[in-house]
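Note sheet for the following structure.
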Amino acid sequence: MAKVRLVEVEKRYGETVAVDRVSADIADGEFITLLGPSGCGKTTTLRMVAGLIEPTSGQIWFDDQMVNRVPTHKRNVGLAFQSHALFPHMSVAKNIAFGLQMKRMPKAQIRQRVEEMLAMIEMTGFGDRMPGQLSGGQQQRVAVARAVVNNPKLILADEPTGNLDSSNGNEVMQML
1013 MAKVRLVEVE KRYGETVAVD RVSADIADGE FITLLGPSGC GKTTTLRMVA GLIEPTSGQI
1073 WFDDQMVNRV PTHKRNVGLA FQSHALFPHM SVAKNIAFGL QMKRMPKAQI RQRVEEMLAM
1133 IEMTGFGDRM PGQLSGGQQQ RVAVARAVVN NPKLILADEP TGNLDSSNGN EVMQML
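With positions in the sequence shown counted from 1, the corresponding number in the numbering used here is that position plus 1012.
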């Protein structure tokens, strides 16, 4: 895991302030929750930490490295969102393997890691299924497996259980 530090992070869209000078120190291994009403900037803050959008001002640090200009794919961050964001044209196994393939991991290691993830999410034998053949809870578990398969330094979860009943939601949170 990584220590994360936000220093006066701000995001503006023209005159609209989406995130207003947020600062935080998050220790290595610490689990935190951002709480607030809809539209207060929680998702925007997570998207800036992930590198999906750039802050208008301020600094984002992972350990001793400022990552403002580091692209998402080089931040080693796992993302789990409320909308599963699975590739509908790819099987469950290919969805989970996607990040490993982008890192050019050897195929045998990819297969082994995908099998480990399928076991972790209690979906062994589901690798050939397509996302449309899964329940919402199963899709969310696949999304979590995809988020953690690369052993990220940081996992960002934006309401990953919002569409699940409490039993499935608790299971998903245990996986993170």
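No residue lacks a Cβ here, since even glycine has one placed at the ideal position from N, Cα and C.
Values in this document were obtained by computation on a predicted structure and should not be read as measured data.
Other residues of its chain near residue i: CB distance less than 7 Å, five sequence neighbours each side excluded
| i | result |
| --- | --- |
| Ala1189 | Residue 1189 lies beyond the residue range present for the chain, which begins at 1013 and ends at 1188; the question has no answer from this structure. |
| Val1161 | Ile1108, Gly1111, Leu1112, Arg1125, Met1129 |
| Asp1032 | Glu1022 |
CB of residue i within 8 Å of CB of residue j, strictly
| i | j | result |
| --- | --- | --- |
| Val1156 | Phe1074 | no |
| Leu1018 | Val1029 | no |
| Gly1137 | Ser1103 | no |
| Ile1072 | Met1060 | yes |
| Thr1057 | Leu1046 | yes |
| Gln1151 | Leu1112 | no |
| Lys1165 | Ala1014 | yes |
| Glu1066 | Asn1088 | no |
| Arg1084 | Asp1170 | Residue 1084 is actually Thr in this sequence, not Arg. Not a contact, by the Cβ cut-off of 8 Å. |
Residue from the options whose Cα sits closest to the Cα of residue i
| i | options | result |
| --- | --- | --- |
| Val1154 | Gln1071, Arg1059, Arg1116, Pro1143 | Pro1143 |
| Asn1258 | Ala1105, Lys1115, Pro1083 | The structure shown does not extend to residue 1258, since the chain is modelled only from 1013 through 1188, so no value can be given for it. |
| Pro1100 | Tyr1025, Glu1042, Leu1146, Ala1039 | Leu1146 |
| Asp1076 | Asp1040, Met1132, Pro1049 | Asp1040 |
Residues near residue i by beta carbon distance below 6 Å, same chain, minus five either side
| i | result |
| --- | --- |
| Ser1069 | Glu1022 |
| Ile1038 | Val1016, Ile1044 |
CB contact check: residue i to chain D, cutoff 8 Å
| i | result |
| --- | --- |
| Ala1105 | Structure shown: chain D not included; a single protein chain is present. |
Same chain, Cβ closer than 8 Å to residue i, five either side skipped, listed in chain order
| i | result |
| --- | --- |
| Gly1053 | Lys1023, Ala1030, Val1031, Asp1032, Val1034 |
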